Amino acid sequence: MLTTVPAGALRAVAAEARSAVARLTRVQRPHTQLSVLDDPLVSRRVHDPVSSVGSAIATALSGQP
């Protein structure tokens, strides 16, 4: 890949990304535990357990008409 960004800047950004991944994956819940964003009492799911499709930035779906 070609870029005009200096190699040192690319290495710094890569290190920041690895650090962010480490912080974000430090705590994980069991796959049997619902996310705190999913609330069956109000029919809100941010993850589809049938298709396993989910997005952390997707708008929560509501089961209400």
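All residue numbers for the sequence shown refer to full-length UniProt numbering, where the first residue is 1 and numbers rise by one. For each residue, glycine too, the CB sits at the ideal point set by N, CA and C. All of these numbers come straight from a predicted model, not from anything done at the bench.
Assigned with DSSP and collapsed to three states, Arg11 falls in helix.
Distance from the CA atom of Glu16 to the CA atom of Gly8, rounded to whole angstroms, is 12 angstroms. For Arg45, the secondary structure class from DSSP, reduced to helix, strand or coil, is strand. Taking C-alpha positions only, Arg29 is separated from Arg11 by approximately 31 angstroms.
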